[in-house]
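Number 1264 in this note's numbering belongs to position 105 of the sequence shown; there are no gaps in the numbering.
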Amino acid sequence: MNEIIEQIREGKIDINNQELFFSTLIKGLMLRLDDDISIRGISVPHLIVHTGSDALYLERKGYDQSIEPLQISNEDYIYNVVPRCIVSPGGIELVADQLTNPYSLGQFQYEGDEEILNITAEFRRMPIKLSVDLKYLTDSYRDMLELTQQILTKLSFIRTFHITYMGQSIQCSYKIPDSFSGEYITELDGTTTDSKNKTMSISIEVESNLPIISHRSAMISDQGVIINPIFNVQS
1160 MNEIIEQIRE
1170 GKIDINNQEL
1180 FFSTLIKGLM
1190 LRLDDDISIR
1200 GISVPHLIVH
1210 TGSDALYLER
1220 KGYDQSIEPL
1230 QISNEDYIYN
1240 VVPRCIVSPG
1250 GIELVADQLT
1260 NPYSLGQFQY
1270 EGDEEILNIT
1280 AEFRRMPIKL
1290 SVDLKYLTDS
1300 YRDMLELTQQ
1310 ILTKLSFIRT
1320 FHITYMGQSI
1330 QCSYKIPDSF
1340 SGEYITELDG
1350 TTTDSKNKTM
1360 SISIEVESNL
1370 PIISHRSAMI
1380 SDQGVIINPI
1390 FNVQS
């Protein structure tokens, strides 16, 4: 245990890069949107395509990691389902003028080889903004209208959600733009080859705080931390 703390203090363990913060942030946003948006009582899946991983497909199927599949099924059904939303994460903006005090104490967890350590250290929280494009696809104008109403009634105001990063619960928020519109074909004939799906594209900004840990101040939490010092000065 003490060896791990010394390695953290010396910088041999890069404690600020043990977990992927932005990956957790994006997953948390997608899960929150899954809960918020539905059409005809059916949850609209929010997907990121071309990630180079089958994790999304397996998570959607409720895959049990302890069971080996005996039969390969059709992986494409999730990515082609209608209605659906294609999520495209964009740029990341650092809001440096809103940096917090670098000497605030906080706790985080480090997963070692045999146990999870609760560690106390000084933090500085870096405010960030992540732009995300959402493209919804529906197969009818009626569904497009319901989707519009769902967005207006559920997402018009600032929405908050929480993610867990290194054992910490971090609050995040997002808000839809003031205006958006749908796109769909109005003329059809026998030679039309364009997709009949109706689409709606909106861009949102996700705000959160990335904790930056001062590795030199790390200590095991159960070693005791002075929170409320008592001063007793006698003349």
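By construction, the Cβ of each residue, glycine as well, lies at the ideal position given by its N, Cα and C atoms.
- Task: Can you say whether His1374 is buried or exposed, counting buried as having 16 or more other CB atoms within 10 angstroms of its CB?
- Result: Your numbering for residue 1374 matches position 215 in the sequence shown. That one is buried.
- Message: Tell me the rounded alpha-carbon separation between Val1395 and Gln1330.
- Response: The displayed coordinates of the chain run from 1160 to 1394. Any statement about residue 1395 would go beyond what the structure contains.
- Item | Per-residue burial, Ile1163 [other beta carbons within 10 Å of its own, 16 or more giving buried] | Taking the sequence shown and counting its residues from 1, the one referred to as residue 1163 is at position 4. That one is buried.
- Query: Among Phe1267, Thr1297, Ser1367, Tyr1295, which has the Cα closest to the Cα of Met1285?
  - Reply: Sequence index remark: in the sequence shown, residue 1285 carries index 126 (1-based). The shortest C-alpha separation from Met1285 is found at Ser1367.
- Query: Taking three-plus beta-carbon pairs below 8 Å as touching, is the stretch 1291 to 1307 in contact with the stretch 1273 to 1280?
  - Reply: With the rule of 3 Cβ pairs closer than 8 Å, the stretch 1291 to 1307 does not count as touching the stretch 1273 to 1280.
- Message: Tell me which residue opens and which closes the beta strand (DSSP E) that Thr1307 is part of.
- Response: Numbered from its first residue, the sequence shown carries residue 1307 at position 148. No beta strand (DSSP E) contains Thr1307, which is instead part of the alpha helix (DSSP H) from 1300 to 1314.
- Task: Could you name the residues of the same chain whose beta carbon sits closer than 7 Å to that of Thr1259, not counting the 5 residues immediately before and after it, in chain order?
- Result: As a first step, residue 1259 is located in the sequence shown; it is residue number 100 there, counting from the start. So the qualifying residues of the chain are Arg1283, Arg1284.
- Query: DSSP state of Ile1322, grouped into three classes?
  - Reply: Position 163 of the sequence shown holds residue 1322. Three-state result, Ile1322: strand.
- Task: Count the C-beta pairs between the stretch 1302 to 1315 and the stretch 1196 to 1207 that are closer than 8 Å, then say yes if the count reaches three, no if not.
- Result: At 8 Å Cβ cutoff, the stretches touch.
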